[in-house]
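In the order they appear, the protein sequences are chains A and B.
For the first sequence, the residue numbers in my numbering are -10 to 462.
For the second sequence, the residue numbers in my numbering are 2 to 1053.
To start, the structure itself, in structure tokens.
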Amino acid sequence: MHPESYIRPPLIHGHKDYLQITEDICRAVEARPSRSWWIAFAVSAAVMLWGFFVIGWTIWFGIGTWGLNRTVGWGWDITNFVWWIGIGHAGTLISAILLLFRQKWRTGVNRAAEAMTIFAVICAALFPVFHMGRVWMAFYNLPYPNTRGPLWPNFNSPLMWDVFAISTYFSVSLMFWYTGLIPDLATIRDRAKKQWAKVFYGILSFGWVGSAKHWQRHESLSLVLAGISTPLVLSVHTIVSFDFATSVVPGWHTTIFPPYFVAGAIFSGFAMVLTLMVITRKVLNLQDYITIDHIESMNKIIVLTGSIVGMAYLTELFVAWYSQNPYEQYAFANRALGPYWWSYWSMMMCNVISPQLFWVRRLRRNVWFTFFMSIIINVGMWFERFVIIVTSVHRDYVPSNWSMYSPTWVEISFFLGSLGLFFTAFLVFAKLMPVIAMAEVKHILKTSGEEQKRRQLEAVRHHQPAAAVTGSH
Amino acid sequence: MESKKYWKGIEELTEDPDFIARREREFPEELPVDEIFQSSAVQQPQSRRDFLRLMGFGVSAATLAASCRIPVKHAIPYVIKPEEVIPGKASWYASTFVDGNDVCPVLVKVRDGRPIKIEPSTTSNIGNQSPHRFLFGGTSARAQASVLSLYDLTRPHFPTVQGKEVRPENMADTEAELKSKLQQIAARGGKVVLVTPTVMSPSTQALISDFLKAYPGSRHVSYDAFSYAALAAAHEKWFGLYAAPGYQFEQAEVIVSLGADFLGTWLSPTEFARQYVQNRKVSPQRTVMSKHYQVEALLSLTGANADERAAVQPAQEALAAVALYRLLRGEEAPSLNARADALLKRAATDLQAHKGKSLVVSGSNDVAVQEIVAAINQMLGNYGNTLRLDVHAHCQRGNDSQAEALLEELKAGAVHALIFYGANPVYEHRRGAEFAEAISKAELTLSLNDRADETSVLCMYHFPDHHYLESWNDCSPRNGLYLMTQPVIWPLFRTRQAQETLMMLAGIEGDYYSYMKRYWQQNIFPLQSVHTSFQTFWDHAVKEGAVEVVRQAAFTVPSVMDVSQALAAVTDSARKASGLSICLYEKVAMGNGRYANNPWLMEMPDPISKVVWDNYLCLSPKLAEELQVKMDVAEQRTDLVTVTVGEMSLTLPAFVQPGLEDNTVAVAVGYGRTHAGRSGNNVGVNVYPWMPFNGQHHQHFASGVAISKTGKRYELAMTQTHFSHEGRDAISETSLKRYQSNPHAGKEKKEHLKKIWAETLYPDHPQPAIRWGMSIDLNSCIGCGACTVSCQAENNVPVVGKTEVRRVHEMTWLRIDRYYSFPQDSGTVVKEADYDQIQDYQNVQVVFQPMLCQHCDNAPCENVCPVNATNHSTEGLNQMAYNRCIGTRYCANNCPYKVRRFNWLDYTTADVFPWNEPWKVPTLNIEDLKMHDAVTRMVLNPDVTVRTRGVMEKCSFCVQRLQEAKLEAKIQGRPLRDGDARTACQTACPTDAIQFGNLMEEGSRVRQDHDDARSYYVLAELNTQPGIAYMKKVRHMDDGTAAEPAHTQPAH
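Here it is, written out as structure tokens:
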């Protein structure tokens, strides 16, 4: 246990003990689903099923049902892919990097953020898979021994790197998330009254009994996985950015892309975590665990990454001018002033201008404003990907083939369907699993609980006023 | 015919219930599943082995079923192989494509009995000095596309009487009935009229005279849908010969065209294009080229290629002839507009300096204008040099006024029998509606047209003619030149040679083949001296497809031509024209509309407007602004306008066209067919009814046009929606003076570039012996589009239809980019952002650039493909493995030239899923695609894979031809020679703008071009190392008037 200064603001509010934490968090799992849950679930699931239908439609008739064309080979599909992958990044950042940096506030949000990562990666993966002209041949992407030579995939292709990056990312994130879940699942199992729940959680909790050995292994595994995940936070979006950076298309071929994409991913990921957390803490009554301080911390990260992203935008413009490369210059002028100017300026407004409001402490701590901003940022980040992908390629080198692109109902439905899938999965998760990592919150209760801090302060006041203050860090 | 039934076996025809049940089943025999499951081993408590066994069976059965992705189709070999058919090896037959005045001697490629490709004739029968030699070696887009029409299912399948099928067994009776009816009419002294366009076939002409002799009181009326008959009339008046002269553009060092689109549609465009470029090809050894002035109302293909061009109103095209005549005689010339006046002055000076080596042509169909033009040429001593009457043309010898007179007679009930052969007046005559009504007044109407067109459906008898690939015929496009058409396939449908019907009616025994042979024996054989026996002469003629003889022509060249009457008439009528004028023109692809049902031509972009599947009203940007007509190019949407000419109003989409005269609008004929066939019907609007008649000839323009907006918008489909090249390196051009001052300019830059290319960490692609490469001379390319259709035919490129083209889904591997720049007083405007500086949109320069896969040695597409579906061959080809492609489209995104084409939908019906065939896809029009039925699919080239939905495709440099050339060389035991391998675009090109060969072979033609300083690589600074070099365009114009486009040099 790492002692913590009592003058630091508490991370768990209210008069909590271990039992209370268990009760608070398990309540959502053990109670019957509410009416509002059912409504939300029904809506999400319906949208998800509609999305599955349009996936079928696409496979049935072909990519020609989308608005893509000769010049614009990627549109909403890859925009959505990059957007979803970006969203996933916050979960890994919170669970891995913040763990290594011993940021205790992460415990309140890491479970939900990790779940969000998993679901976002699933949503993301749908797009590159189903954007293939012959999806039934998708296995050609995999380097498996075969009788055709053997014929291997092209290891020079960034798409190939994507396959590895994303599958690695997904499997590590899944493991990390599940490892963290095991003690909590065991808690639910132990409290379960219904037979199906006993069996269900019994299987899921892998026979966890909370012995010292179990805890020791659990801790080391978590640390190892955090170690593996940390480079992934940086590598996945770097590799996604290579899809563009290694190409020759003006507006794609940019060395700034890896850091710019990672910053953007964290930016959008935190926005999505906030969107989910602001709702979850209210609906599940978890304000004591996901406190306003958590929200403020995340808003601070948003203002930081938002500024990095803004800096990247300006750098791109500067480099386009400085390069004196007419294609590059045209591409950027076309972004801002061409037929898709509205997407560029939406992006600028949402991603660069509006997050600057978070320099104001009152706004950082305002739940409603935070929720509003989180949506704005997600919209902005979607536009960023749209701007990069579509406005670069729709007017590239040879003017004779410049064209316009607009999505069809199929593409729009596919995107909506991915949102439906995401929220359906999150709702199911919120119903079946604890949305807050109970064991981890209990971990920091002694040092960071409000009640505990108060007691600590009292003890210090009575006995050793000076020493305790200097002894903490 | 839809009800025709195809069957594979008697059981299927009789719908044997057993057979039907069996057909539905997956496996022909029942699988012994039950036996296995009921066997003792299975019924015992299941062991692990049983589980594995059943599992193994299940998995392998499922795998077997699942891996049959392509349905197996059996090819049945010949039991007795025909002698000349070698499966997999093509036979070539010499033949001739004739469509109106578009004549192309061709070679027909026949694979396994089906003609699949048209190539230009390579006959050795025509000498190097022959005036006819330029007719050979090139094809038009229409000639290329004609093979698709052969397999057109909407061709009539049988003769009809009153629209009802005549069964084969009743044919003799029907013929007898027809003949007796006709004889009765003739016996009563009734009038029998045979209506045709200009007949260029000498045998058919002879047969027609025989027919007319058999029916006293009968006559022959010939007129051409888009007529230039005034040319022949003017020559008859002054030279005593009713024919257009034979033009020799290759002799002309100065060419002045007054509205004649001689490279696109006028008389014999393919031949003229080939002649024309002879003096347009420049090299460091030959730094001179001809000078081409064009004065015209609309921006024609020819005008787009002109060195200097001025836009005038259509009536002023005639006045320009007057002005030129006066200038050449040093008289006061009437004024047109500042630009045209200056141009004509320069032209006159140039013409004076090139007497006997110049040529003035006019597209007018007014005899007076053609008289003046003839006088100009006569004054310049061009007759006998650039215009030859001894080898005069045989096209366009119709008579417009006869057609008008026929209609009047018909309406008066004075015509008793009408026979149509190739003429379709109901559609293509200005008074077609009146024809339609009056036709029924004739007692007997017989159509010998090859389609159930607008006229044929109104005829009592319709004996459809064969397609030209199914028939014998001959053609004499110019005096002394005879071309042969021979059948290369047995007739697909129950059609019959039109001439045989005439023979039957004239009471001539035998078939047309023997008639024709007899004609040749009596009339052509005696004119030559090479062969002593007729049989060897004939065999040779059939093999070579062409015979050149010396044939006398009776004409006199007057020493002085006093055309003062014509001058006065033209000046007078030009003054009268006022207000807005409308020009009618033929499109390069569609022509007069005969081929309207050919989707390859419908989908071939117009060379200038790049619009497909439509005709439209062209109007200048200034006029559009005045009328507040808006065209949104990017969205391919425009205003619908109502145009009134005379008393007739039609509604047309407006197309804003730079280069067009500001008080002129233009619209193409050949659209708006109602009985062309399923894909050609109701495409565009028929504007033939607007064609004026001046009492002698049909005119191509009218004045007094009113245009009003309907308020409705219309969706056009264009393959190019950005008109400016933005000053980018893709296009490079210079002026002749600059070129002459240093023909080696640019050499250092290219060498520097190649040095940079060599600086790489990565190993080169190994290319041991061959690096295929191409060169395209932008100075020779006239943008006619023949190469694009040839590519489509050779490589099984699907047609996608208008809606898909609008969605930018066209599949063409080879496209021709067309860019405008606007020379203004302040400098040449090349960027769209600077368009507001343009004061005069009429002053436009055009450049064409064929764009296809560049076969880069450092190809951006190759390294991004995740599955190696596109990769580099050891011969420098950037190749596609279609069955490896999974369709990520990354390669297309990363291709800087955007030449990759994705199979968005199942355009070809080649994939295995029956559910997404084009007719089941809501947005596809099946009639446009044409690749779904077994008959049309016979046109497919068996050497080229038909690509399925979801895969990427692109130009392969005709790899199948390269392989064939290599194999041929290997069989002959010799090294590959330069010119052995020729791509489809190269062979089709009438101007030899495209060269192809091995870049590693010292001295190969393509290597020379790549080494020439004039050649450059498109986007070379990207280090793509393309295999195609473009040769800079050289404009023959004074530097004062041709401001060099300001190029921004991209940084490296």
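Cβ coordinates follow ideal geometry from the N, Cα and C atoms, glycine included.
None of these values were measured; they are calculated from a predicted model.
Cα-Cα, which of the options is closest to residue i?
i	options	result
CYS782 (chain B)	B:ARG281, B:ASN695, B:VAL657, B:MET172	B:ARG281
ALA144 (chain B)	B:CYS788, B:ALA966, B:VAL900, B:ASP607	B:CYS788
MET467 (chain A)	A:MET37, A:GLY62, A:ALA101, A:ILE76	Nothing about residue 467 (chain A) can be read from this structure; chain A reaches only from -10 to 462.
TYR513 (chain B)	B:THR909, B:ARG950, B:VAL313, B:SER202	B:SER202
LYS192 (chain B)	B:GLU863, B:TYR216, B:ASP262	B:TYR216
PRO147 (chain A)	A:ILE171, A:PRO117, A:GLN441	A:PRO117
TYR483 (chain B)	B:SER448, B:PHE526, B:ALA794, B:ASP841	B:PHE526
GLN345 (chain A)	A:SER402, A:ILE86, A:SER296, A:ASP232	A:SER296
TRP773 (chain B)	B:PRO693, B:GLY647, B:SER957	B:SER957
PRO121 (chain B)	B:GLU1022, B:THR988, B:LYS1033	B:THR988
ALA109 (chain A)	A:SER84, A:VAL379, A:GLN92, A:ILE76	A:ILE76
ALA575 (chain B)	B:THR652, B:LEU302, B:GLU318	B:GLU318
ILE117 (chain B)	B:LEU470, B:VAL1007, B:ALA322	B:LEU470
GLU429 (chain A)	A:GLY53, A:VAL32, A:SER84	A:SER84
HIS158 (chain B)	B:SER204, B:VAL283, B:LYS5	B:LYS5
ALA79 (chain A)	A:ALA175, A:HIS432, A:MET105, A:ALA35	A:MET105
Got a sec, what are the start and stop residues for the alpha helix (DSSP H) residue i sits in?
i	result
LYS93 (chain A)	Premise fails: LYS93 (chain A) is in no alpha helix (DSSP H) and is neither H nor E.
GLU318 (chain B)	315 to 329
HIS541 (chain B)	535 to 545
PHE259 (chain A)	246 to 272
HIS484 (chain B)	According to the sequence displayed, residue 484 (chain B) carries Leu and not His. No alpha helix (DSSP H) contains LEU484 (chain B), which is instead part of the beta strand (DSSP E) from 482 to 486.
ILE76 (chain A)	65 to 81
Taking the beta strand (DSSP E) that residue i falls in, what are its first and last residues?
i	result
GLN498 (chain B)	Unbroken run through GLN498 (chain B): none, as it is neither H nor E.
ARG1036 (chain B)	1034 to 1036
PHE823 (chain B)	816 to 825
MET692 (chain B)	Taken as a continuous stretch (DSSP letters only), MET692 (chain B) belongs to no beta strand (DSSP E), as it is neither H nor E.
PRO106 (chain B)	103 to 112
GLN996 (chain B)	995 to 999
CYS896 (chain B)	It is not in any beta strand (DSSP E) - CYS896 (chain B) carries neither H nor E in the DSSP assignment.
GLN697 (chain B)	It is not in any beta strand (DSSP E) - GLN697 (chain B) carries neither H nor E in the DSSP assignment.
THR11 (chain A)	First-last for THR11 (chain A): 7 to 19, but that is the alpha helix (DSSP H), not the beta strand (DSSP E).
Between residue i and residue j, which are expected to be in contact by the criterion C-beta below 8 Å, what is the C-beta distance as a whole number of angstroms?
i	j	result
THR387 (chain B)	GLN252 (chain B)	5 Å
CYS785 (chain B)	LEU344 (chain B)	Actually they do not touch by this definition, with Cβ atoms about 24 Å apart.
LEU618 (chain B)	ALA655 (chain B)	5 Å
TRP614 (chain B)	GLU604 (chain B)	7 Å
ASP308 (chain B)	MET1038 (chain B)	5 Å
Self-check item: beta strand (DSSP E) runs wholly inside the segment 407 to 465 of chain B, at least 3 long, in chain order
Solution: 418 to 421, 445 to 448
Practice problem: Mind listing, in chain order, the continuous alpha helix (DSSP H) runs of no fewer than 4 residues lying wholly within the segment 576 to 638 of chain B? | Solution: 600 to 603, 622 to 628
Practice problem: Report the residue ranges of all beta strand (DSSP E) runs contained in full by the segment 304 to 337 of chain A; include only those spanning at least 3 residues, in chain order. | Solution: none
Self-check item: Contact set between the segment 374 to 399 of chain A and chain B, restricted to residues whose Cβ is under 7 Å from the partner
Solution: VAL382, ASP385, TYR386, VAL387, PRO388, SER389, ASN390, TRP391, SER392, MET393
Quiz prompt | Residues, ordered as in the chain, of the segment 43 to 70 of chain A that lie near chain B by beta-carbon distance below 7 Å | solution = TRP49, PHE50, GLY51, ILE52, GLY53, ASN58, ARG59, THR60, GLY62, TRP63
Self-check item: Start-end ranges of the beta strand (DSSP E) lying completely within the segment 382 to 408 of chain A, minimum 3 residues
Solution: none
Practice problem: Let me know the beta strand (DSSP E) ranges lying completely inside the segment 233 to 277 of chain B, each 3 residues or longer, listed in chain order. | Solution: 255 to 259
Exercise. Using a Cβ-Cβ cut-off of less than 7 Å, list which residues of the segment 789 to 808 of chain B approach chain A; keep chain order.
Key: ARG808
Practice problem: Only counting runs of 3 or more residues, tell me where the beta strand (DSSP E) segments fall wholly within the segment 858 to 882 of chain B, in order along the chain. | Solution: 871 to 873, 879 to 881
Quiz item: Mind listing which residues of the segment 886 to 903 of chain B have their C-beta closer than 9 Å to chain A's C-betas, in chain order?
Solution: CYS886, ILE887, GLY888, THR889, ARG890, TYR891, CYS892, ALA893, ASN894, ASN895, CYS896, PRO897, TYR898, LYS899, VAL900, ARG901, ARG902, PHE903
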